[in-house]
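Only one structure is covered here, and it is reproduced in the block below.
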Amino acid sequence: MPRKTKTEVLRAKHEDALIEFDSIQGALRDERLQCLEDRRFYSIAGAQWEGDLGDQFENKPKMEVNKIHLSIIRIINEYRNNRITVDFVSKDGTEDDSLASTCDGLYRSDEQDSSAEEAYDNAFEEAVGGGFGAWRLRTEYEDEEDPEDDRQRIRIEPIYDADSSVFFDLGAKRQDKADATRCYVLTSMTPEAYREEFDEDPATWPKEIHQYEFDWATPDVVFVAELYEKEQVKENIYIWRMLDGSEERFTEDELEEQFERLTATGAQQVRIKKIKSTKIRKYIMSGSRILEDCGYISGKCIPIVPVYGKRWYIDNVERCMGHVRLSRDAQRLKNMQLSKLAEISALSTVEKPVFTAEQIVGHEVMWKEDNIKNYPYLLINPVMDQNGQEILSAPVAYTKPPVVPSAMAALLQITEEDMSDILGNQQNGEMINGNVSTETATLVQNRLDMQTYIYMSNMSKAMRRCGEIWLSMARDVFVEEGRRLKSTGLEGEISPVEILKPVVGDDGEIRYDNDLGKAKFDVVAQVGPSSSTKKASTVRALTNMIQFSDDPETRQVLSSMALLNMEGEGITDVKRYFRQKLIKMGVVTPTELEARQLQKELENAKPDAQEQYLQAAAQKELAEAAEKQANTIYKQAQADKARAETAETLVDIGDKKQDRAVRAIESLGERVSPPSFPSSPVE
């Protein structure tokens with residue numbers, strides 16, 4: 023069978039994508055359409071009357087008292103007041119892992135540089151309002167105008183209208199979609215922009231989830247689909263043995279770069295290992311063809327982060343909703359009642375007389391202007407009987423002023439209570455009296471926060487997935503030896519980081535710090551109940567602890583920590599001062615830049631007069647002690663010398679006495695003859 027050309031392969035890929043997307047969109051259409059309607063319901067003026075209800079109230083007042091919008095804003099403000107970020111944690115439980123801290127700082131820097139807050143806020147608001155939101159991660163060159171600069175950074179960007187533009191394959195069941203194999207992201211373009219970029223007539227991608235019925239005009243747009251597909255790629259790993267007997271492993275691209283060095287150093291290839299690696303391939307497609315095969319992108323994860331308001335699987339269909347869905351009927355009922363009440367109120371409340379035409383003819387203007395000129399009296403024509411005699415006449419009848427139905431007042435109160443129950447009754451938290459204690463106010467606020475905690479919890483899951491995707495991309499992007507990057511601390515402090523920095527270890531071997539290729543961490547995103555802000559709660563706890571401490575140093579640490587966590591305008595310098603103070607006390611771990619600055623200050627610092635006096639006194643005492651010790655040692659040596667000389671003298675005396683004794687014996691032997699003995703015994 024002949025091998026397919028690339029054009030044929032891409033055409034088949036496009037056909038398969040259209041079929042799969044139609045299946046996904048068909049399964050999720052009703053759910054996602056409700057999400058879109060919910061977002062319109064609370065955010066667009068007049069959208070609460072969309073559909074058949076608006077037709078029934080045609081040519082009648084249509085009032086909107088949007089209670090839901092205020093409730094949504096409260097939840098959004100709670101989130102923005104308590105930002106969630108990620109923390110990289112060593113898999114083996116090591117507390118002091120410098121590489122994990124490096125990843126933390128680089129992640130925060132990428133967040134700041136790409137204005138990630140906009141992406142987070144948009145996704146969270148869409149999730150709370152409609153039930154589904156999303157954002158994306160992508161890489162871009164640091165200097166796109168420099169053809170020789172291949173350095174890249176990671177950017178976090180928003181995806182708007184995610185409920186109608188982001189679709190994962192139906193086999194992905196996890197909430198963070200880590201198990202997804204494909205993801206479609208629809209992007210709108212004007213026809214002019216499409217022609218300019220792709221040099222062809224527009225062919226829009228089939229998108230069926232929209233809600234245009236209420237809008238007078240909509241922009242003319244073309245939809246383009248981005249397909250992210252996870253592939254299992256077979257790859258060869260080349261294993262080489264170095265001269266020292268160690269083995270090193272290289273991918274095909276790495277081997278091509280290192281081949282000359284390996285052969286020059288006498289290394290030899292010993293074997294090849296086949297492995298499977300996960301890669302993400304990206305396509306850009308229109309309704310007619312694949313516009314661009316972008317190839318493999320950085321990382322091993324689909325770079326789309328979903329976030330849900332509330333989520334379930336029922337009948338094998340993923341269902342989600344936000345804070346609006348359950349309160350829509352109560353809101354509509356309230357709008358209907360208020361509109362009917364406004365209609366009744368608009369009618370006249372004054373009884374109007376009813377006359378025959380003969381009674382009022384000629385006096386129409388006077389009766390018409392009475393409400394403006396307030397005449398002292400009004401005239402009517404007399405009524406004549408059959409005989410031509412004038413008879414007393416009066417109005418035929420009087421109109422009745424409108425009466426508000428008694429059931430409507432009760433229904434209005436019930437509707438208000440129902441909305442408060444559904445939306446969480448957050449007003450109670452704002453009605454706390456001024457004489458209530460801080461602890462009581464905190465308990466009340468925590469109880470209210472629990473009603474919206476599910477949204478914060480689901481957002482933390484999305485943030486954790488974002489950290490996993492970022493780390494996967496960073497391992498492919500931050501690979502240049504000696505590259506310097508900006509790192510951001512928890513308090514916004516900036517410090518430099520050098521990637522693959524060579525360092526000589528204790529054993530004399532050269533190793534590399536900040537090697538993100540070895541960064542394999544767990545990602546943690548924590549969120550707790552929010553009273554006002556976490557820092558405000560910390561300040562309250564620290565100030566309460568101060569009164570229970572008797573140690574002056576502990577009180578100083580607690581007060582410094584409280585001031586460090588305070589929020590306000592114009593206290594940045596004060597916070598910086600207390601941070602430096604805590605660093606010098608050894609309470610706070612300094613960053614690399616702060617450590618260098620502290621070392622420089624210590625080297626250049628001049629001691630004051632009192633410190634110099636104390637140092638001189640200490641040195642004098644040390645010198646006197648050393649002198650006394652030296653004298654003691656000298657005297658001990660003199661005593662030892664005297665004992666040695668005495669022992670030597672005694673030895674000399676003994677030797678001399680011994681010599682004199684030997685000579686005396688020898689002289690006696692010469693003068694006295696020895697006795698003679700018989701040759702045989704005497705009987």
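Heads up: the sequence shown begins at 23 in this note's numbering, then just goes up one per residue.
No residue lacks a Cβ here, since even glycine has one placed at the ideal position from N, Cα and C.
Ranked by Cα distance from G321, the first of P427, E218, N409 and A496 is A496.
Ranking E269, S299 and S308 by CA distance to the CA of Q290 puts E269 first. Residue pairing for M307: DSSP places it in a beta bridge opposite A247 and I312. Here D440 has A352 as same chain residues with Cβ atoms under 6 Å from its own Cβ, once five neighbours each way along the sequence are excluded.
In the structure shown, the three-state DSSP call for A156 is strand. At the C-beta level, R303 and E251 come within 8 Å of one another. Assignment of L75 by DSSP, reduced to helix, strand and coil, places it in the helix class. The alpha-carbon of L400 is positioned some 7 Å away from that of M388. Looking at the DSSP output, K301 shares a beta bridge with E253.
Excluding residues up to 5 positions away in sequence, I90, S93, I94, I97, V150, G151, G331, L445, T474 and Y477 lie with their Cβ nearer than 8 Å to the Cβ of H345 in the same chain. Across the structure, A647 and E531 are spaced so that their CA atoms are roughly 44 Å apart.
For the 8 Å CB-CB criterion, V111 and F543 form a contact. Per the Cβ contact rule, the region 500-515 is in contact with the region 119-134 (3 or more Cβ pairs under 8 Å). Cβ atoms of S361 and A225 stay farther apart than 8 Å, at about 45 Å. Secondary structure of N626 (DSSP, three-state): helix. The DSSP-derived three-state label of M481 is helix. Residue range V339 to M343 is occupied by the beta strand (DSSP E) that includes V339. Comparing C-alpha distances from R577 to each of R160, I336 and M607 shows the shortest one belongs to M607. Counting along the chain, the unbroken beta strand (DSSP E) around D535 starts and ends at I532 to D535. Separation of D198 and G267 (C-alpha to C-alpha, rounded to the nearest whole angstrom) is 45 Å. The region 369-433 is shown to contain whole alpha helix (DSSP H) runs of 4 or more residues at 379-382, 386-390 and 392-395, in chain order.
Here DSSP, grouped into helix, strand and coil, assigns D135 to helix.
Residue F500 holds the alpha-carbon nearest to the alpha-carbon of Y163 among P524, E575, F500 and K298. In the structure shown, P574 falls within a helical segment according to DSSP collapsed to helix, strand and coil.
Separation of the CB atoms of K35 and I312 is rounded to 6 Å, and the pair is thereby assigned contact status at 8 Å. Residue state for M441 is assigned as helix, using DSSP reduced to three classes. Taking 8 Å as the cut-off, the Cβ atoms of Q47 and F190 do not count as close.
Taken through DSSP and simplified to helix, strand or coil, V561 comes out as helix. Going by DSSP, Y216 is part of the alpha helix (DSSP H) stretching over P213 to F220. When rounded, the separation of the alpha-carbon atoms in P325 and V244 is 23 Å. Linking A419 to V383 through their CA atoms gives a straight-line distance of about 17 Å.
With a cutoff of 8 Å on beta-carbon distance, W71 and F63 are scored as not near each other.
Annotated three-state conformation of G514 is coil, per DSSP. Straight-line measurement puts the Cα of R271 at about 12 Å from the Cα of L284. D185 is not a Cβ neighbour of E147, given a cutoff of 8 Å. By DSSP's assignment, P180 forms a beta bridge with W157.
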